[in-house]
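Quick note, the sequences are listed as chains A and B, same order.
Mapping the first sequence onto our numbering, position 86 (from 1) lands on 381, and the numbers just tick up by one.
Mapping the second sequence onto our numbering, position 318 (from 1) lands on 639, and the numbers just tick up by one.
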Amino acid sequence: MLTFQTDIVIRGKKAEKYQELANKYGFLLVDIYMMSGVLGFINNQKDVQDNDSSVTANIPRNVLQSRSDKIDFLYQVVTLNNEIDIDAENAMKLAFEENSIENPKKLYKRELFEDYAMGGIDILYDMLSDVVFDKQVDNIKDILDKFYEKSNLGQKTINDILEEEGL
Amino acid sequence: MIFRKMKLHNFRQFKGDTELSFSTDKSKNVTVITGNNGAGKTTLLQAFNWCLYGQVKLENPDELITKEILSQIEIGEKERVEVSLEFEHLKKIYTCRNYIDYIRNTNSNIQKLDEDRLFTISDPDTGETKRTDQNAIREIFPSDLSTYFLFDGERMQDLVDNQRAGKKDLSNAVKNLLGLDVLENAKFHLEKAKKEFETEFVSDSSSRLSQINEELKLIDEQIEEEKRKKDNYENELIELERKQSKVNDILKSNAGLKDLQNKRNEYANQMQRIEADIEKKKTDIFKTFGTASVNYFLGSTFDILTDKIKKSDLSDKAIEGINANAINHILQKGECICGYNLNNNPSAIEKLEKLRSYLPPESYSILLKGLEVNIKNAVDNNNKYYENFNRMYDEYNNLINQKDILTNKMNENEKIIADVGDQDLSKYNEEYMKLRTLIASKNQAIGSCKNQIEVLKQTQRNREDERSRITVSSNINDAVQFKVDICDKLISDMTSRLNKKEKEVKADLQEKTSELLSKMLNSDKNIYIEDDYNFTVTDEFKTFTLSEGEKIVTSFAFVGSIISIAKDFISKEKNEVLEIADDDRFTLVMDAPFAKLDLSHRKNVTSLIPTLTDQIILFSADSQWDGVVETALKEKIGLMYNIDKNGTSSSISLIEKEVK
């Protein structure tokens with residue numbers, strides 16, 4: 296089982312975006328973290344934090360722990376997807392590696408996801424921030440419809456999706 | 322008597338000289354004066370009262386001179402307010418002038434200098450003009466002329482309200498017609514004389530008799546005091562009822578607005594609820610999006626990943642039907658199932674150990690199986706999530722539609738309110754409730770006075786009985802009794818004569834009003850005036866409840882019949898006294914509430930107005946002088962004026978209008 300020994304602390308401009316979306320939509324920072332990681336991954340967009348602003352966004356360890364199953368699932372899917380073509384066995388090791396209090400090292404899958412989460416926040420922010428108040432719900436509906444068309448929930452074949460996503 | 326001309330000089334808002342003539346043409350007997358509400362119609366109407374009787378029913382009745390003029394008087398200078406009326410009576414021309422002079426004294430204070438009423442009479446045949454006194458006017462008009470000819474808006478309303486003020490007005494009209502005030506005065510003095518005589522009785526126990534007389538005198542004073550209090554309360558009650566009636570009128574006329582305002586509140590509440598629902602739905606949508614959309618975003622990669630796993634050699638390396646326990650057993654035994662000895666072959670052991678890692682229970686395939694389950698669950702949840710989101714989105718849009726519909730309704734309602742004229746009605750509701758409480762307390766006070774009077778009268782009777790018991794028979798007492806009896810007889814005769822006459826005039830008023838009302842309403846109606854001057858209207862079958870419009874029609878009918886009876890009565894009296902055939906004409910000045918008439922009655926009533934008497938002077942609000950009224954009267958209008966505000970100045974003037 297994945298164990299979180301520290302909070303996730305996001306700084307700088309990325310943190311500003313995290314806070315703005317949290318305030319505007321009432322999202323939890325942990326949810327923004329997960330959405331950003333996934334969006335960063337599917338768009339292949341990684342990034343790092345900056346120190347351009349003193350703002351921080353702190354996702355407490357206990358919150359992370361309470362969502363650890365879901366977060367680990369995301370880590371696994373992202374890591375496998377990312378690494379399986381290179382070395383399947385290694386991908387398995389990385390995706391299913393677990394840490395513990397005795398072994399407090401930072402996991403590869405977590406670092407990978409966090410890179411995507413820093414790249415993905417820009418995408419999520421662009422999708423949600425610049426929307427007038429009474430168009431927020433319609434905008435969300437448009438986003439979901441777009442993903443519905445893209446995803447395996449629709450009628451498209453895997454090849455169609457691979458092509459669209461450039462994978 | 323008909324009016325020919327009125328001149329005003331600095332009278333209230335009418336700064337400087339204002340003159341208006343009244344139509345004396347028999348075929349065009351109507352003079353119309355129109356003006357906006359507050360323009361000065363009431364002031365003009367009260368100018369008649371002030372000129373003839375020295376009284377005005379206006380706010381600040383002492384401030385008669387135009388304020389602007391008063392403020393401009395220099396020290397030592399004088400200014401005058403004056404109204405004069407010229408009228409025609411039995412072919413003679415009379416003028417009545419009332420004026421007050423004001424001066425600014427050396428202390429810079431305004432001082433009333435001179436106040437006088439002057440009367441002149443002139444004979445057009447001889448050209449002779451001479452001064453006369455008020456008695457000459459009294460001869461022309463019995464006691465209170467205004468009772469018959471001057472009807473302001475308030476009186477028009479009071480007449481039909483069946484409330485104290487209206488009843489008093491009708492009763493006064495009847496009593497004035499009979500000259501009852503004089504007779505009632507005589508009755509009062511006779512009763513007083515009787516009481517004086519009664520104190521002259523002598524008795525054996527003269528000390529007790531004088532004590533009783535003293536007590537009776539005191540009781541009399543107390544009764545008078547209670548009566549005075551009761552009269553005061555009744556007058557206050559009239560004012561309160563009048564105010565209540567006005568407030569009630571406002572509330573009734575704004576019943577539509579009240580409904581619209583209620584609707585406004587109801588809409589506002591609905592809007593509040595819808596907006597709260599929208600906010601809640603929005604929060605739910607955001608919350609669902611925040612927690613569930615992550616798998617949804619990831620969903621597009623699930624098939625890719627599954628495909629990649631299939632393509633990798635991870636699952637190929639397992640051997641179907643063999644599990645990790647079987648490998649463990651082989652390794653423990655040190656011999657393969659084919660009989661090959663493993664102990665001497667470390668590479669074979671390594672190969673088996675690697676194979677074990679691909680097999681259940683602790684193998685990659687187990688982990689992948691777990692992942693597959695998670696992915697399957699995520700896919701299922703994504704389908705549910707999309708359905709759930711679409712349902713919430715539909716509900717959200719439904720609420721937005723409801724809000725749009727409600728916004729349109731609110732806008733339409735506000736537009737109607739703006740057209741009607743928005744105003745705060747709650748203050749009128751409060752005022753109405755306050756007046757109701759005050760009226761109840763006045764009624765209670767009147768009741769208590771009446772009780773007190775009854776108690777005092779009972780004591781009075783007891784004392785009188787005692788006095789007659791102890792009064793001894795003697796010549797003195799016989800003489801006193803004779804005087805008392807005479808008083809009783811006179812009082813009794815006078816009372817029965819007055820009652821009889823009052824009954825006759827009331828019956829006449831009843832008949833004439835019924836006749837006029839039937840004409841005005843175009844159907845047979847009967848008015849029954851009760852002893853206390855309450856009246857009921859009946860048609861062929863039953864008591865008829867009057868609508869607001871019909872009440873005003875009834876008011877017109879009362880005015881018409883009062884003036885008709887007055888005319889008959891006065892003419893008859895004149896003929897008896899002067900022994901001449903009287904071709905005198907009568908005038909009627911009234912502020913006509915046309916707007917309160919139902920549209921269906923407006924034409925009927927208006928066209929009957931010129932027939933009510935010989936000369937009609939009609940005041941009307943501009944807004945009420947509509948097509949129906951104007952058309953019904955146009956053949957009968959001799960002169961027409963409009964009261965006009967002089968630009969931004971506070972004074973007003975009359976403009977004679979062309980009669981179409």
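No residue lacks a Cβ here, since even glycine has one placed at the ideal position from N, Cα and C.
Cβ-based burial, Val304 (chain A) [other Cβ within 10 Å; buried from 16]
By the 10 Å Cβ count, Val304 (chain A) comes out exposed.
Is it buried or exposed, Lys690 (chain B), if we count other Cβ atoms within 10 angstroms and call 16 or more buried?
exposed
Determine whether the Cβ of Asp342 (chain A) lies closer than 8 Å to any Cβ atom of chain B.
no
Alpha helix (DSSP H) runs contained entirely in the region 371-439 of chain A, provided each spans 4 or more residues:
383-391 and 403-423
Tell me which same chain residues have a C-beta within less than 7 Å of the C-beta of Gly870 (chain B), skipping the five on either side of it?
Once the five neighbours on either side are set aside, the close Cβ partners of Gly870 (chain B) are Lys917, Leu918, Asp919 and His922.
Tell me whether Asn646 (chain B) is buried or exposed, calling it buried when 16 or more other Cβ atoms sit within 10 Å of its Cβ.
Exposed, because fewer than 16 other Cβ atoms sit within 10 Å of the Cβ of Asn646 (chain B).
CA-to-CA distance, Asp570 (chain B) to Lys736 (chain B), given in whole angstroms:
Their backbone Cα atoms lie some 24 Å apart in a straight line.
Just the C-alpha distance for Leu746 (chain B) and Asn357 (chain B), rounded to the nearest angstrom, thanks.
23 Å
Can a CB atom of chain B be found closer than 8 Å to the CB of Val249 (chain A)?
No answer is possible for residue 249 (chain A): the residues shown for chain A start at 296 and end at 462.
Closer than 9 Å between beta carbons: that is the criterion. Which residues of the region 357-372 of chain A meet it against chain B?
Asp364, Lys365, Phe368, Leu369, Gln371 and Val372
At least three beta-carbon pairs within less than 8 Å, the region 309-326 of chain A to the region 607-614 of chain B:
yes
Which word fits Ala902 (chain B), buried or exposed, when buried means at least 16 other C-beta atoms lie within 10 angstroms of its C-beta?
Low local confidence applies: a pLDDT of 48 at Ala902 (chain B) is under 50, so the model's placement there is unreliable, with the coordinate-based value given in what follows. Ala902 (chain B) should be labelled exposed.
With a threshold of 8 Å between beta carbons, is Asn695 (chain B) in contact with chain A?
By this cut-off, Asn695 (chain B) is an interface position.
Looking at the C-beta of Leu920 (chain B), does it have a partner C-beta in chain A at a distance below 8 Å?
no
Output needed for Asn798 (chain B): all residues of its chain with C-beta closer than 8 Å, excluding positions within five of it in sequence on either side, in chain order.
Phe522, Val523 and Thr792
What residue range is occupied by the uninterrupted beta strand (DSSP E) comprising Cys417 (chain B)?
Unbroken beta strand (DSSP E) run through Cys417 (chain B): Lys413 to Arg425.
Hey, is Lys603 (chain B)'s beta-carbon within less than 8 Å of any beta-carbon in chain A?
yes
Closer than 6 Å by C-beta to Gly881 (chain B): which residues in its own chain qualify, once you throw out the five before and the five after it? Chain order, please.
Leu837 and Leu933
Less than 8 Å separating the beta-carbons of Arg452 (chain B) and Arg438 (chain B)?
No, Cβ-Cβ distance for Arg452 (chain B) and Arg438 (chain B) is not below 8 Å.
Does Tyr420 (chain A) have its Cβ less than 8 Å from a Cβ in chain B?
no
Residue-level contact to chain C via CB, Asn318 (chain A), 8 Å cutoff
This model lacks chain C altogether; the protein chains it does include are A and B.
Proximal chain B residues relative to Lys445 (chain A), where beta-carbon distance stays under 7 Å:
Ser621
Kindly provide the ranges of any alpha helix (DSSP H) runs that are 4 or more residues long and lie completely inside the region 721-804 of chain B, ordered along the chain.
747-791
Does the CB of Lys724 (chain B) have a neighbour CB from chain A at under 8 Å?
Proximity of Lys724 (chain B) to chain A, defined by a Cβ-Cβ separation below 8 Å, is not satisfied.
From B:Ser813, B:Glu545 and B:His410, pick the residue whose C-alpha is nearest to that of Trp888 (chain B); which is it?
According to the sequence shown, residue 888 (chain B) is Lys rather than Trp. Comparing Cα-Cα distances from Lys888 (chain B) to each of B:Ser813, B:Glu545 and B:His410, the minimum goes to B:His410.
Using a cut-off of 7 Å between C-beta atoms, extract the partners of Thr612 (chain B) located in chain A.
Those within 7 Å of Thr612 (chain B) in chain A are Asp326.
When the cut-off is 8 Å and only beta carbons count, does Leu626 (chain B) lie next to chain A?
yes
Along the chain, which unbroken stretches of the beta strand (DSSP E) at least 3 residues long are found entirely within the region 817-847 of chain B?
none
Could you work out which residue in A:Asp410, A:Met330, A:Tyr420 and A:Thr301 is closest to Gln360 (chain A) when comparing CA atoms only?
Among A:Asp410, A:Met330, A:Tyr420 and A:Thr301, the Cα nearest to that of Gln360 (chain A) belongs to A:Thr301.
Look at the alpha carbon of Arg677 (chain B) and the alpha carbon of Tyr661 (chain B), and state the distance between them as a whole number of angstroms.
18 Å
Closest by CA to Tyr420 (chain A), which one among A:Met296, A:Thr298 and A:Met330?
For Tyr420 (chain A), the nearest C-alpha among the options comes from A:Met330.
How would you list, in chain order, the residues of chain B whose beta-carbon sits under 9 Å from the beta-carbon of Ile379 (chain A)?
Leu626, Lys629, Ile630, Lys632, Ser633 and Leu635
Could you work out which residues of chain B lie near Asn376 (chain A), taking near to mean beta carbons separated by less than 9 Å?
Thr622, Ile625, Leu626 and Lys629
Could you say if the region 341-348 of chain B and the region 428-435 of chain B meet the contact criterion of at least three C-beta pairs nearer than 8 Å?
no
Please report how far the alpha carbon of Ile848 (chain B) lies from the alpha carbon of Ile937 (chain B), in whole angstroms.
Near 25 Å, if we compare the C-alpha coordinates of Ile937 (chain B) and Ile848 (chain B).
Leaving out five residues on either side along the sequence, give the residues of the same chain with a beta carbon under 8 Å from the beta carbon of Glu823 (chain B).
Val495, Lys496, Leu499 and Leu501
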